């Protein structure tokens with residue numbers, strides 16, 4: 001040994017040592033790095049998904065003294081820099097939010113009778129309606145112009161009278177409650193006047209095509225007189241429903257699009273708002289003017305909207321109620337872009353809710369004294385409130401209120417729907433759209449696709465594996481296995497393309513043939529087998545053992561050909577020439593060209609080789625002496641297979657099925673191309689589906705980064721990841737146990 | 001087994017005894033194998049037949065179609081023939097004459113989209129009469145509006161008649177000569193537009209970025225501005241020169257035109273400048289058709305797509321696929337091998353390594369779309385966005401790497417195929433007998449030397465297998481690519497003559513996505529379908545070859561160690 005050392009110079013030995021250490025360190029670092037990178041997938045998905053389930057946070061900002069009159073109405077513009085307050089007397093002032101300094105002031109009551117009530121057209125609208133003491137109504141709109149002089153942002157607010165040259169008078173008494181709706185068709189005003197009751201006026205806008213001159217045509221709505229004291233009036237979207245809430249907690253809904261026999265607008269419903277009774281505390285219309293929110297003096301808070309019942313009538317439905325922890329609302333603030341709202345309580349509580357998700361996202365005291373009048377910024381990221389001579393501002397972190405466990409997986413009663421439903425509809429063209437993020441139809445579609453796939457793939461793959469591993473001649477086996485492996489390597493985009501463009505029209509055309517094939521194939525094969533067994537031994541022995549599969553190939557082709565060749569006559573005799581028409585007409589089952597049957601067959605092709613390889617491996621590795629023993633004891637080959645080989649190999653077959661299922665669940669291209677991608681919940685084999693994976697592929701490129709939609713799609717990916725990972729792990733563990741169990745045999 | 005089945009046959013001959021023996025079940029199992037094999041082979045056969053037949057110059061039929069007393073001449077290739085039940089047809093409101101119950105229906109490719117509205121038309125066989133195959137029918141493949149079918153009437157150049165139908169031989173030759181000339185000029189135009197003007201545009205853009213980054217650094221002084229202006233002026237001048245050259249080239253081919261008669265007798269004049277090729281299929285011999293077939297096949301493989309990808313070739317898609325797969329291989333091989341070597345040779349074997357092994361194995365089963373989502377969120381938006389902030393602030397707000405592109409696509413696929421390489425390499429390492437490592441160590445080699453000189457060379461076929469399987473998987477994967485960088489039509493190849501030659505930030509075309517896009521998003525699916533079959537066939541052949549290579553290597557590897565183990 002010592003001799004050896006003298007042949008190697010010391011510096012070289014040192015160099016070699018350093019190299020060795022270097023290799024160890026770099027390989028360890030590289031190896032762990034790669035493994036960590038793999039872990040990163042999991043954590044990154046989690047990181048994108050987690051914000052969906054966090055609660056909201058509200059951070060108080062600086063408070064300033066409020067110099068002006070106490071506001072009756074408050075508004076903050078888009079950037080959260082400029083606010084508008086209107087006092088009960090009609091004094092409007094624009095102010096800077098950061099220091100409560102006044103920008104401009106204007107008396108909206110000037111030249112009119114004193115203001116008695118102030119109303120807005122909607123949660124996000126900037127139209128103000130002022131009711132005056134003499135039954136007159138004036139309208140104003142506030143606007144904010146953003147310019148960028150000298151690289152800085154400058155917001156110039158303005159307040160303009162609308163219909164200034166028109167006297168909008170509803171009657172002679174003072175206005176007590178007011179609702180306004182302005183659309184392209186015209187202006188609608190409904191008010192409750194002192195001594196005169198409900199009054200309604202509609203101004204239909206008519207534009208002269210030649211001159212472009214706009215004229216207003218006045219139309220008086222004949223409204224019934226209602227008992228009780230009006231607390232609030234609301235006009236629903238589309239100017240159809242008029243909601244009148246009284247102080248005792250009752251609501252009356254009128255259909256102002258119709259006129260009854262007596263010439264008066266009909267009452268659709270009158271009912272108590274609250275289960276626990278009690279007077280109305282406050283109310284509001286949610287974004288979109290479809291849902292009504294009302295809070296009682298007993299702390300009850302609920303959402304209502306009109307639904308059509310089974311008889312075709314309309315009723316006001318109490319959709320969901322929210323838990324306020326006993327807080328009594330003084331103000332409900334709907335958000336401007338989402339179906340969420342804020343509650344300001346009598347004791348200065350602040351609570352954040354979202355209606356679709358049925359979630360309370362935040363609840364804590366606001367931290368300023370007295371009853372506050374508040375406004376939420378259009379982006380939903382800032383809150384401004386005035387109370388007791390103080391202007392407070394808060395930053396609201398509430399990025400993803402619209403997702404909750406129940407919104408994802410339970411039936412949700414969406415606005416304008418007649419009953420709760422599972423719906424996936426993530427985007428629409430209008431701004432006040434209620435996103436519908438229900439995973440249920442997608443998960444259902446995924447499982448439906450996987451089910452029909454496995455229905456085809458599992459028997460074929462397992463039977464094929466049994467035969468290949470246990471009965472087939474080795475020479476043939478060596479030829480068959482590469483073919484199946486080639487099948488595994490077929491890109492799914494090709495399977496999907498063939499399924500969508502060739503198989504789907506083919507099946508539609510030869511539907512009867514498919515069903516005949518299902519009957520003919522087993523029967524034909526058995527008949528052939530029986531006939532073969534009746535052949536004289538000399539003929540039979542010409543076919544070497546284990547070559548049955550090769551013998552069957554022409555038989556299979558022939559049966560297939562016959563089934564489809566007989567399709568037309570069979571269809572004519574059984575279904576009057578067109579089975580597809582027959583199915584839709586006689587059975588009442590709807591039929592899509594790209595349906596689950598097509599997906600099942602195409603995805604079956606993708607999954608068969610996966611199951612086949614693993615199952616075949618498991619059966620083939622069952623020790624020879626087990627089956628030899630069984631055969632020696634007089635069992636037939638089939639009995640040996642069923643009684644000895646299959647039980648031994650069953651864990652392996654099971655793990656093959658699991659991995660196959662995982663593949664079917666995650667497959668994207670086939671489903672994307674071979675179905676119509678409609679998110680429906682219907683197990684009908686003749687209809688399509690939309691799966692989680694196809695949904696991701698379709699929607700992710702269009703989703704805005706870090707929006708709720710984007711994160712929900714990441715959640716879908718995460719669900720897929722977990723699902724396949726868990727299934728594969730189970731399969732792998734089962735397989736490892738199998739290996740250690742029979743490795744010793 | 002033959003003997004055993006005979007035992008049953010002797011004593012109890014009868015279907016029930018035969019049934020009890022379990023023999024029918026064995027046959028059914030055998031049938032399952034047959035069905036699978038037939039399905040695979042049938043599928044490939046289908047692709048081959050449909051894909052390869054597209055390039056064959058089919059004869060053009062002239063026929064009179066009569067329906068409800070109206071007669072209409074029709075000219076076109078019969079593409080498909082089917083049998084339809086009478087009920088289905090009456091349901092669609094078609095008046096039938098024959099007794100039924102089934103009616104033949106042909107899909108005729110009539111071309112002439114600019115005059116007839118649609119390329120394809122379904123005609124009932126009973127409505128067609130007097131089919132003929134006139135030898136003078138010309139098929140003209142064009143750059144726009146699909147194929148033209150008709151009879152050539154005359155060829156003109158700059159308003160001067162070169163030949164007319166009185167001398168069909170001369171007419172045809174003049175036409176072919178004109179086409180050859182314009183093709184030559186078009187090639188030149190293409191070269192100028194793509195390569196030279198492309199290079200100038202590229203330099204202009206780099207100039208703009210340089211100016212912007214100087215501006216951002218506050219170094220855009222007068223000297224720099226003068227320099228930039230001078231460079232810009234020079235580029236402008238070159239651009240103008242090329243423009244005028246282009247203009248004269250365009251003008252030189254504008255004059256040539258040909259007149260042809262449509263099936264309904266109208267004579268139309270069309271520009272030769274838009275012609276790709278013209279031939280008279282009914283007059284061609286079998287050999288000429290074969291030559292034409294090969295020509296079209298070559299065009300398919302080497303040319304760029306035209307007419308919204310429904311005509312022409314798929315070269316950019318092939319090129320994109322190959323480049324993407326190459327980049328992926330460069331990334332995945334070292335990382336996969338290092339991870340496998342670490343797991344097998346360096347990490348202490350125990351519960352944790354076992355867990356990691358299971359996890360890596362399972363990652364191969366995670367749906368590819370999940371990788372796509374990860375790639376989009378992490379690579380494109382997160383890493384790409386950061387890179388843009390750091391290295392390409394001049395180009396902002398238009399993203400450089402913060403948008404899907406070649407690099408992110410290859411990286412995502414590298415991650416997707418990492419488990420494949422790790423598993424295959426590990427398997428190879430595990431097969432190397434321990435005695436060989438011990439032998440090397442006993443001779444005084446260090447661990448690193450043993451690894452580098454002994455273990456890795458022996459495991460190299462396994463690595464190759466892993467890599468080939470990874471490449472096969474990557475080449476066929478589409479779902480993640482749709483999110484991280486593939487587009488339906490890339491304006492230029494990701495490799496070209498402009499610095500930095502390989503454009504990692506560019507979007508690219510891909511065979512698999514091409515299939516999806518042309519087959520499902522194309523406005524003219526009927527016209528595009530044969531091309532999709534051909535593309536699919538090409539992809540299958542590519543992947544099958546890769547897989548066969550992997551299988552061969554694996555067998556080779558096994559043989560090698562069998563001899564070692566003995």
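Protein chains in written order, with full-length UniProt numbering: chain D, 1 to 745; chain Z, 1 to 566.
Glycine residues also receive a C-beta, built at the ideal position from the N, C-alpha and C atoms.
This structure is a prediction, so every number in the text was calculated from the model and none was measured.
Check	Outcome
Hey, residue 422(Z) and residue 339(Z) are a contact pair by Cβ (cut 8 Å); roughly how many whole angstroms apart?	5 Å
Can you name, in chain order, every residue of its own chain whose Cβ lies under 6 Å from the Cβ of residue 236(D), other than the five neighbours on each side?	289
At which residues does the beta strand (DSSP E) containing residue 142(D) begin and terminate?	136 to 147
So, under 8 Å CB-CB, residue 353(D) and residue 361(D) are touching, yes? Tell me the CB distance rounded to an integer number of Å.	7 Å
Three or more C-beta pairs under 8 Å: does that hold for the region 109 to 119 of chain D against the region 322 to 330 of chain D?	no
State whether the region 427 to 445 of chain D contacts the region 689 to 705 of chain D, with contact taken as three or more CB pairs (one from each stretch) at a distance under 8 Å.	yes
Could you check which residue in 677(D), 519(D), 311(D), 525(D) has the C-alpha nearest to that of residue 26(Z)?	525(D)
By how many angstroms is the C-alpha of residue 599(D) removed from the C-alpha of residue 719(D)?	22 Å
Note the first and the last residue of the continuous alpha helix (DSSP H) segment covering residue 678(D).	It is not in any alpha helix (DSSP H) - residue 678(D) carries neither H nor E in the DSSP assignment.
Would you list the one or two residues that DSSP bridges to residue 104(Z)?	83(Z)
Taking all protein chains shown into account, do 16 or more other C-beta atoms lie within 10 angstroms of the C-beta of residue 686(D), making it buried, or fewer, making it exposed?	buried
Can you name the residues of chain Z whose CB is closer than 8 Å to the CB of residue 570(D)?	Within chain Z, no residue comes near residue 570(D); the closest Cβ sits about 11 Å away, beyond 8 Å.
Give, in chain order, every residue of the region 85 to 107 of chain Z whose Cβ lies closer than 9 Å to some Cβ of chain D.	85, 86, 87, 88, 91, 100, 101, 102
Per DSSP, residue 296(D) forms a beta bridge with which residues?	280(D)
Within 9 Å of any Cβ in chain D, is that where the Cβ of residue 482(Z) sits?	yes
Can you name, in chain order, every residue of its own chain whose Cβ lies under 7 Å from the Cβ of residue 457(D), other than the five neighbours on each side?	604, 607, 608, 611, 660
Pull out every residue of the region 437 to 471 of chain Z whose Cβ sits closer than 8 Å to any Cβ of chain D, in chain order.	444, 446, 447, 448, 449, 451, 452
Select from 207(D), 176(D), 193(D), 150(D) the residue whose C-alpha is nearest the C-alpha of residue 186(D).	207(D)
Report yes or no: do three or more beta-carbon pairs, one from the region 504 to 517 of chain Z and one from the region 528 to 539 of chain Z, lie closer than 8 Å?	yes
For chain D, is any of its Cβ atoms less than 9 Å away from the one on residue 427(Z)?	no
Taking a Cβ distance cut-off of 9 Å, strictly less, list which residues of the region 24 to 49 of chain Z are near chain D, in chain order.	24, 25, 26, 27, 28, 29, 30, 31, 32, 33, 34, 35, 36, 37, 38, 39, 40, 41, 42, 43, 44, 46, 47
Could you spell out the range, first to last residue, of the alpha helix (DSSP H) harbouring residue 515(D)?	511 to 534
Out of 146(D), 145(D), 130(D), 156(D), point me to the one whose CA is closest to residue 164(D)'s CA.	130(D)
According to DSSP, is residue 304(D) helix, strand or coil?	strand
Quick one, are the C-beta atoms of residue 486(D) and residue 519(Z) less than 9 Å apart?	no
Between 620(D), 482(D), 280(D), 627(D), which has its C-alpha nearest residue 545(Z)'s C-alpha?	482(D)
With respect to the alpha helix (DSSP H) encompassing residue 19(Z), which residues constitute its N-terminal and C-terminal limits?	15 to 20
Grab me the residues of residue 136(D)'s own chain with a C-beta within less than 7 Å of its C-beta, minus the 5 sequence neighbours each way, in chain order.	112, 113, 167, 168, 169
Taking three-plus beta-carbon pairs below 8 Å as touching, is the region 371 to 385 of chain Z in contact with the region 478 to 497 of chain Z?	yes
List the endpoints of the continuous beta strand (DSSP E) containing residue 234(D).	230 to 235
Check this for me: beta carbons of residue 217(D) and residue 199(D), under 9 Å apart or not?	no
Less than 7 Å between C-beta atoms, sequence neighbours within five positions excluded: which residues of the same chain meet that for residue 249(Z)?	185, 188, 189
Hey, is the region 270 to 289 of chain D in contact with the region 389 to 397 of chain D, meaning 3+ C-beta pairs nearer than 8 Å?	no
Using a 10 Å radius around the Cβ and a threshold of 16 neighbouring Cβ atoms, would you call residue 568(D) buried or exposed?	buried
Along the chain, which unbroken stretches of the alpha helix (DSSP H) at least 4 residues long are found entirely within the region 175 to 249 of chain Z?	198 to 217
Quick one: Cα of residue 256(Z) to Cα of residue 279(Z), how far?	18 Å
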